[in-house]
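Chemist: Structure provided below as structure tokens; questions to follow.
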Amino acid sequence: MPQEHKLSVPVFALDGKKLREENLPAVFSGIIEPELIERAVLAINSASRQPQGVFPHAGMNTTAEYRASRKLPANVRGMNIERSRLPRTKNHRAKNAGRVAGVPRSVGGPKAHPPRVEKQLEEKINKKEKRAALKSAVAASKEFSLVSKRHFFEKEIPLPVVIEDKFEELKKTRDVVKTLKAIGISADLENAKKKTRMRSGKARRRGRTKKEKKSILIVTGKNAAIYKAARNLEGVDISPFDKLNAALLAPGGMPGRLTVFTESALAGMKKW
0 MPQEHKLSVP
10 VFALDGKKLR
20 EENLPAVFSG
30 IIEPELIERA
40 VLAINSASRQ
50 PQGVFPHAGM
60 NTTAEYRASR
70 KLPANVRGMN
80 IERSRLPRTK
90 NHRAKNAGRV
100 AGVPRSVGGP
110 KAHPPRVEKQ
120 LEEKINKKEK
130 RAALKSAVAA
140 SKEFSLVSKR
150 HFFEKEIPLP
160 VVIEDKFEEL
170 KKTRDVVKTL
180 KAIGISADLE
190 NAKKKTRMRS
200 GKARRRGRTK
210 KEKKSILIVT
220 GKNAAIYKAA
230 RNLEGVDISP
240 FDKLNAALLA
250 PGGMPGRLTV
260 FTESALAGMK
270 KW
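Counting in numbering that gives the first Met the number 0, the sequence shown runs from 0 upward without gaps.
Okay, here's the thing in structure tokens:
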């Protein structure tokens, strides 16, 4: 049987110099399926939605009752007296006596079709489909034609970007930016910072203070000091390789995110 051609990429040092060539795991040679990736991202995002509903008896705490019997006195029955047949309040001494209540069309009444907590919001997806979408999104991260549509580079470089394990031990944000600039991908950080804007109005009051553009994804072999160093960079996400999902690798369901892997992350992905 003919041997498969192994994809190789350079491993960068912290100063941006190429140390050696590294063979990519077989998962990077997979087939890219955009529709499957989008389906998995929608399923992941829908799982984070919080069910919302109204109080079941909202607008119904009233004495209003519909009385339509012809045997009742004309001043209390609800038919043949030239007024709408609707439930009305019973207390005849109060100012709101005979007021329509307890129906959606009344003042202070319940909503006609309110949101309900029991509504199914989560989009279901098979485990094998979700796993296949993850592998497809990983394969898309090596395609420069896809990544360059959504990210900026100082120069064309082979993808994915692989950095030595010392990158995980950086403790200062400026050191992380310095390394990314030496490799030639810091322009994407500047673009994300420029396009991130603060929100106003109701969205801000509800905690969605800003609209952030997605930038670089950093994938490590384990939790390390760089998690604190890189968390304040605009649009940057960081995750260990065993916590990756399609939503991180393809935000919005669009494959081709600029991803930086460490050597230990690649070593762990060889078992996929």
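The C-beta atom is built at its ideal place from N, Cα and C for all residues, glycine as well.
Residue 211 and residue 183: beta carbons closer than 7 Å?
Modeler: Contact: no.
Chemist: From residue 68 to residue 83, what distance separates their C-alpha atoms?
Modeler: 14 Å
Chemist: Below 6 Å CB to CB, which residues in the same chain sit around residue 1 once its five sequence neighbours on both sides are set aside?
Modeler: Since pLDDT at residue 1 reaches only 40, below the 50 mark, its modelled position is unreliable, and no value is offered.
Chemist: Is residue 228 closer than 7 Å to residue 178 when the C-beta atoms are compared?
Modeler: For the pair residue 178 and residue 228, the CB atoms are not nearer than the 7 Å cut-off.
Chemist: Within this structure, are the beta carbons of residue 35 and residue 132 separated by less than 7 Å?
Modeler: yes
Chemist: If residue 223 sits next to residue 168, beta carbons under 8 Å apart, how far is it from one beta carbon to the other, in whole angstroms?
Modeler: 6 Å
Chemist: Is any heavy atom in the ligand FMN found nearer than 6 Å to the beta carbon of residue 260?
Modeler: As presented, the structure is devoid of all ligands, the ligand FMN included, so that no description of it is given.
Chemist: Cα separation between residue 314 and residue 85?
Modeler: Summary: the structure shown does not reach residue 314, with the chain confined to residues 0 through 271, and so no result is reported for it.
Chemist: I'd like the ranges of any beta strand (DSSP E) spanning at least 3 consecutive residues and lying wholly in the region 144 to 172.
Modeler: For the beta strand (DSSP E) assignment, the uninterrupted runs of no fewer than 3 residues enclosed by the region 144 to 172 are, from N- to C-terminal side, 160 to 162.
Chemist: For the alpha helix (DSSP H) containing residue 236, name the first residue and the last one.
Modeler: No alpha helix (DSSP H) contains residue 236, which is instead part of the beta strand (DSSP E) from 236 to 239.
Chemist: Using only the alpha-carbon positions, how far apart do residue 16 and residue 7 sit?
Modeler: 16 Å
Chemist: Between which residues of its own chain and residue 245 is the CB-CB distance below 6 Å, once the five residues before and five after are set aside?
Modeler: 36, 39, 40, 132, 133 and 136
Chemist: Classify residue 2 as helix, strand or coil using the three-state DSSP reduction.
Modeler: Residue confidence for residue 2 is low, a pLDDT of 45 falling below 50, so the modelled location carries little weight and cannot support an answer.
Chemist: What number of angstroms, rounded off, separates the C-alpha of residue 22 from the C-alpha of residue 5?
Modeler: 6 Å
Chemist: Nearest-angstrom Cα distance between residue 122 and residue 48?
Modeler: 10 Å
Chemist: For the region 148 to 157 against the region 90 to 106, are there 3 or more C-beta pairs whose distance is under 8 Å?
Modeler: The region 148 to 157 vs the region 90 to 106: no contact.
Chemist: Are there 16 or more other CB atoms within 10 angstroms of the CB of residue 120, so buried, or fewer, so exposed?
Modeler: exposed
Chemist: With residue 21 as the anchor, note down where its beta strand (DSSP E) starts and where it stops.
Modeler: 17 to 22
Chemist: So, does the region 248 to 259 touch the region 196 to 206, judging by three or more C-beta pairs under 8 Å?
Modeler: no
Chemist: Please identify the residue among 143, 127, 56 and 116 whose C-alpha is closest to the C-alpha of residue 102.
Modeler: 56
Chemist: Does the distance from the CB of residue 161 to the CB of residue 260 come in under 7 Å?
Modeler: yes
Chemist: Just verifying my parser: in three-state terms, what is the DSSP assignment at residue 124?
Modeler: coil
Chemist: List the DSSP bridge partners of residue 31.
Modeler: Note: residue 31 sits in no beta bridge, so no partner.
Chemist: So, using beta-carbon positions, are residue 140 and residue 114 closer together than 7 Å?
Modeler: no
Chemist: Buried or exposed: which applies to residue 99, given that a residue is buried once 16 or more other Cβ atoms fall within 10 Å of its Cβ?
Modeler: So residue 99 counts as buried.
Chemist: What would DSSP say about residue 7, mapped onto helix, strand or coil?
Modeler: strand
Chemist: Give the single residue among 107, 127, 213 and 63 whose Cα lies nearest to the Cα of residue 96.
Modeler: 63
Chemist: By a C-beta neighbour count over all protein chains shown, 10 Å radius and 16 as the cutoff for buried, is residue 144 buried or exposed?
Modeler: exposed
Chemist: Return yes when the Cβ of residue 52 is within less than 7 Å of the Cβ of residue 116, no when it is not.
Modeler: In this structure, residue 52 lies closer than 7 Å to residue 116 by Cβ.
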